Amino acid sequence: WRMVTEHTSTVIVMLTGLVEKGKKKCEKYWPDLGRRATYGQIALKTVDETHVGSYIKRMLEITSNGKMQFIHHFQFTSWPDYGVPVATSDLFRFHKAVTRIKTQKPIVV
Numbered sequence: 165w166r167m168v169t170e171h172t173s174t175v176i177v178m179l180t181g182l183v184e185k186g187k188k189k190c191e192k193y194w195p196d197l198g199r200r201a202t203y204g205q206i207a208l209k210t211v212d213e214t215h216v217g218s219y220i221k222r223m224l225e226i227t228s229n230g231k232m233q234f235i236h237h238f239q240f241t242s243w244p245d246y247g248v249p250v251a252t253s254d255l256f257r258f259h260k261a262v263t264r265i266k267t268q269k270p271i272v273v
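Take the sequence shown: its letter number 72 is residue 236 in the numbering used here, and every next letter is one higher.
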């Protein structure tokens, strides 16, 4: 989270699920909807979560050193481990949603 705040990134892209076939693939690094979490001097809250077909869009509020900013968090949920998405149209829609957010800041993947 420090990297996100230092570079004032506004978009995070996640290309995996948390669990696949019962096996943990990724840590959940954001709090549940409406909840807060603290990581050192950084406070994080999930303020919105929308399921859109093959992806989830979240809005995260991050506060560090008295400065608050919003982060668009996109999670693609249809990319199987050791495989490719079944429908490329899902990936195109995901890409379009991400690029709809106009930013000059680094996108975290």
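Glycine included, each C-beta is placed from N, C-alpha and C at the ideal position. Note that the coordinates shown come from a computational prediction; the quantities given were computed from them, not determined experimentally.
- Listed in chain order, the non-local C-beta contacts of M223 below 7 Å within the same chain comprise V211, D212, F234, H236, local neighbours out to five positions each way being set aside.
- Rounded to whole angstroms, the gap between the alpha carbons of A201 and A207 is 6 Å.
- Setting aside the 5 residues that flank it on each side, H171 is surrounded in the same chain by P270, each with a C-beta closer than 6 Å to its C-beta; the list follows chain order.
- Counting along the chain, the unbroken beta strand (DSSP E) around L208 starts and ends at 206-216.
- Taken atom to atom, the span from the alpha-carbon of D254 to that of S218 is near 6 Å.
- In the displayed model, S253 falls within a helix according to three-state DSSP.
- For T202, the secondary structure class from DSSP, reduced to helix, strand or coil, is strand.
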